[in-house]
Amino acid sequence: MPSGMLFSKKMTVTHTEQVNHDTKKVTFALPEGKSQVSGVPAGSAILTQHSPAGGWFPVFRPYTPISDPKEPGTLQLLVKQYPNGKASSHIHSLQPGDQLTVRGPIPGYSYTPSSQSQPRDLIFVAVGAGITPIYSLARGILQDANDNTRIQLLWGVNGTRDIVLKSELEALEREYPSRLRVTYAVSAADGALGKEEKFKKGYIHQVDAPRSHCEV
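Residue numbers for the sequence shown follow this note's numbering, beginning at 99 and rising by one.
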């Protein structure tokens, strides 16, 4: 197991941010501080653990970090709170100074980089909170200068307020303009907001994914 990876460790909350009506970003300090990186591979997850008050058994849930695995001393989760969701409600209740036990990492997507001279085009599809492993994997692919892969990401959400990683995805598009294109399928009434090539009105199965990638 590469150094820096987590296995049954306690992380301390350093910051929380309410992103929209039901989603929070929670930032944790790694147990060994700035000398440690999470090292969670792209597209992989960690397993959170807590013991509910009055409960007999601990609750485990997988979450894919949205922070860069090479970022020293910190790990960030994006957590959507579900009605009666034991793990998500617990994480939403955490405040700076609180601790959370994590295990892992849990292996995620199996991916082989492309070293071919001709670019390889991939289409990634995500729905709702399922964006986190897709975002993590896409970022890992793009950061590999030797991987000649281009990505078209299609993300289906209920409304524009649910585009909770918009700034992060826009930053990746600016950094890798020839390798990443993001399209949002918005099913609610505000789906027409924004540029037509970015915001498609309708459910994800009703939206035609672009058949070609960015011009190189």
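Ideal Cβ positions, reconstructed from N, Cα and C, are used throughout, including at glycine.
Excluding five sequence neighbours on each side, which residues of the same chain lie with their C-beta closer than 8 Å to the C-beta of residue i?
{"i": "Asn244", "result": "Pro211 and Ser213"}
{"i": "Arg218", "result": "Ser212, Asn246, Thr247 and Arg248"}
{"i": "Leu192", "result": "Val111, Thr114, Val124 and Leu198"}
{"i": "Glu273", "result": "Leu240"}
{"i": "Gln134", "result": "Gly102, Leu128, Pro170 and Gly171"}
{"i": "Phe222", "result": "Ile232, Leu235, Ala236, Ile249, Gln250, Leu251 and Leu252"}
{"i": "Gly152", "result": "none"}
Please look up how many angstroms separate the CB atoms of residue i and residue j, rounded, as I've assumed it's under 8 Å.
{"i": "Thr146", "j": "Val200", "result": "6 Å"}
{"i": "Pro231", "j": "Tyr207", "result": "7 Å"}
{"i": "Ile189", "j": "Val177", "result": "5 Å"}
{"i": "Leu263", "j": "Tyr233", "result": "6 Å"}
{"i": "Leu278", "j": "Ala236", "result": "7 Å"}
{"i": "Leu252", "j": "Ile302", "result": "7 Å"}
{"i": "Gly300", "j": "Ser276", "result": "Not quite, the Cβ-Cβ distance comes to about 28 Å (not below 8 Å), so this is no contact."}
For residue i, which beta-bridge partners are listed by DSSP?
{"i": "Tyr282", "result": "Trp253 and Phe297"}
{"i": "Leu173", "result": "Phe126"}
{"i": "Tyr161", "result": "Ile144"}
{"i": "Glu115", "result": "Lys123"}
{"i": "Ala224", "result": "Trp253"}
{"i": "Leu198", "result": "Met109"}
{"i": "Arg218", "result": "Thr247"}
{"i": "Val135", "result": "Pro170"}
{"i": "Ile204", "result": "Ala143"}
For residue i, I'd like the list of residues in its chain whose CB is within less than 6 Å of its CB, leaving aside the five on either flank, ordered along the chain.
{"i": "Gln197", "result": "Lys108 and Thr110"}
{"i": "Ser106", "result": "Arg201"}
{"i": "Cys312", "result": "Low per-residue confidence applies at Cys312: pLDDT is 46, beneath 50, and the placement is therefore not dependable, though the value from the model is reported in the following sentence. Ser276 and Arg279, listed in sequence order."}
Using only CA atoms, which one of the options lies nearest to residue i?
{"i": "Gly131", "options": "Gln116, Pro170 and Pro275", "result": "Pro170"}
{"i": "Gln80", "options": "Pro160, Leu128 and Arg259", "result": "With the chain covering 99 to 314 only, the question about residue 80 has no answer from this structure."}
{"i": "Ser186", "options": "Ser149, Ile221 and Ser215", "result": "Ser149"}
{"i": "Lys184", "options": "Phe158, Ile221 and Gln216", "result": "Phe158"}
{"i": "Gly257", "options": "Leu270, Ala269, Ala287 and Glu271", "result": "Ala287"}
{"i": "Lys122", "options": "Leu175, Gly153, Ser265 and Gln216", "result": "Leu175"}
Can the beta-carbon of residue i be found closer than 7 Å to that of residue j?
{"i": "Val138", "j": "Pro181", "result": "no"}
{"i": "Leu267", "j": "Val280", "result": "yes"}
{"i": "Gly238", "j": "Ala140", "result": "yes"}
{"i": "Pro160", "j": "Ala143", "result": "yes"}
{"i": "Gln179", "j": "Asp120", "result": "yes"}
{"i": "Lys296", "j": "Val305", "result": "no"}
Can you list, in chain order, the residues of its chain whose CB lies under 7 Å from that of residue i, leaving out five sequence neighbours each side?
{"i": "Leu173", "result": "Met109, Phe126, Leu128, Ser136, Pro163 and Ser165"}
{"i": "Ser118", "result": "In the sequence on display, residue 118 carries Asn and not Ser. These residues qualify, in order along the chain: Arg259, Asp260 and Val262."}
{"i": "Gln216", "result": "none"}
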